[in-house]
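Chemist: Starting off with a structure, shown below.
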Amino acid sequence: MAPLEVSHGEAIFQQGDPPEQVYFVSEGQLECEYDPKLDSRAKKRRPSGEAVVGRDGKPRVVATLGPGDHFGETAMLEARKARNLTVRCVTASCVLRAMSMARFSEILRQRPELHFTVQRAAQMRTNQRIRNVVASAADEDLRVVSFAPGETIFRQGDPSDSFYVLESGEVEMSLVPASEEDEPSAPVPVRTCTAGETFGASGLLPGDNVRRNTATALEPTVLRIIPHARFDSLVRHDSLMAAALRRVATDVSGPSREAAAGSSAAAAEPARRHK
């Protein structure tokens, strides 16, 4: 990959542009700008020096990137046809390396462990954006609740009405897979959440109003709780956050029921062999 050098104020790509490459930052600092008024349906491309402005006349910065970071891959992961952010160099110059989407996709297919790492990085960026929304409501009376080790936060099948930000501690998400046998299946751990992460997105999207898994505190845990109705009002006019919520609602709970069922069967197989 040949180095690509851009100057201060120059945009690598604009919100609404078609996604063509993935970028890796070698030098400099970049900011990711988002304007809620612009979305993937924007047809008109703007000159690379022209800033995207928000309703207050200023770009809204949702993330900062530096050496070692990569960006541009979420369009591929989500099969989007347009960029949902503008990325702009904010230092004297920035040095990047670019790779075509087709080549990057091929590498991920060949290396599943890298695919997982890339998805995880995208998920952490989503968590940070969600935390920024939470911070905007910090002056309101959001409930903070503590849980002791082993205490259940919610159970699979419970009504889903709140979203959680993990302030401290550790939470295990587990799933009881569907079983054709009379005896109920044992819970299968699917994910562990640590401080700074979010969970509880089931119920934020239409037709998804029950918990798909069980959340249990593994150690002394403090959670910030946001009712879904309040969270919805914060992101109603933010298509970037709406897309982030779709990712969280489908990915944050871990494997699908089918995958969990496979894990349960695999775990049970050694026990059957030793009977």
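Numbering follows this note's numbering, in which position 74 of the sequence shown is assigned residue number 251; successive positions increment by one, without gaps. Even glycine gets a Cβ: it sits at the ideal position worked out from N, Cα and C.
Could you check what DSSP says for Ser282 in three-state terms: helix, strand or coil?
Modeler: helix
Chemist: Helix, strand or coil for Ala259 per DSSP?
Modeler: coil
Chemist: According to DSSP, which residues form a beta bridge with Gln198?
Modeler: Ser277
Chemist: Could you check what DSSP says for Thr268 in three-state terms: helix, strand or coil?
Modeler: coil
Chemist: Which residue wins for smallest C-alpha separation from Phe340, given the options Val367, Ser184, Ser277 and Ala406?
Modeler: In terms of CA proximity to Phe340, Ala406 leads the group Val367, Ser184, Ser277 and Ala406.
Chemist: According to DSSP, is Arg407 part of a helix, a strand, or is it coil?
Modeler: In the structure shown, Arg407 falls within a helical segment according to DSSP collapsed to helix, strand and coil.
Chemist: Within 10 angstroms of its Cβ, does Phe293 collect 16 or more other Cβ (buried), or is it exposed?
Modeler: exposed
Chemist: For Glu347 versus Ala363, is the C-beta distance shorter than 9 angstroms?
Modeler: no
Chemist: Taking Ser345 as the reference, give the member of Arg388, Pro354, Leu395 and Thr241 with the closest Cα.
Modeler: Of Arg388, Pro354, Leu395 and Thr241, the residue nearest in Cα terms is Leu395.
Chemist: Rank Phe201, Arg260, Met178 and Glu349 by C-alpha distance to the C-alpha of Gly245 and give the top, closest one.
Modeler: When the alpha-carbon of Gly245 is set against those of Phe201, Arg260, Met178 and Glu349, the nearest one is in Phe201.
Chemist: Where do the N-terminal and C-terminal ends of the alpha helix (DSSP H) with Ala252 fall, by residue?
Modeler: Boundaries of the alpha helix (DSSP H) harbouring Ala252: Thr251 to Leu254, taken from the DSSP string.
Chemist: Which value, in whole angstroms, describes the spacing of the CA atoms of Gln205 and Phe248?
Modeler: According to the sequence provided, residue 205 is Gly. The question's Gln does not apply to it. For Gly205 and Phe248, the distance between alpha carbons rounds to 14 angstroms.
Chemist: Taking Arg388 as the reference, give the member of Val365, Leu262, Glu250 and Met350 with the closest Cα.
Modeler: Ranking Val365, Leu262, Glu250 and Met350 by Cα distance to Arg388 puts Met350 first.
Chemist: Would you tell me roughly how many angstroms separate the C-alpha atoms of Arg332 and Phe324, rounded to the nearest one?
Modeler: 14 angstroms
Chemist: Quick one: Cα of Arg154 to Cα of Ala275, how far?
Modeler: Residue numbering for the chain in the displayed model covers 178 to 452; residue 154 lies beyond these limits and cannot be assessed.
Chemist: For the beta strand (DSSP E) containing Leu319, list its first residue and its last residue.
Modeler: Where Leu319 is concerned, there is no enclosing beta strand (DSSP E), given that its DSSP letter is neither H nor E.
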